[in-house]
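J.:
In our numbering, the protein residues as written are 59 to 139.
1. On the CB-based measure, 16 or more other CB atoms within 10 Å of its CB, does residue 91 come out buried or exposed?
2. At the level of alpha carbons, what is the spacing between residue 134 and residue 113?
3. Where residue 109 and residue 116 are concerned, what is the direct C-alpha to C-alpha distance, given to the nearest angstrom?
4. Taking the straight line between their C-alpha atoms, what separation do you get for residue 84 and residue 118?
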């Protein structure tokens, strides 16, 4: 019984066997590149996620504050004349 492994060391250690289908070659390439790679730490990904969330949140609050200041300035301008 022949099983499908994720290793590129298939027949004679060749990844690009001419008899292998394109789909199988793509599957093995992607699995070697992404599925089997070692993840040393999630700290860097978590830090980048927090940085993105903080940047988006800061932008929303900054825009809300600017709109509030503009509305306040416009309402004060109406009653001073």
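Each residue gets a CB set at the ideal place from its N, CA and C atoms; glycine is no exception.
T.: Put simply:
1. exposed
2. 31 Å
3. 10 Å
4. 42 Å
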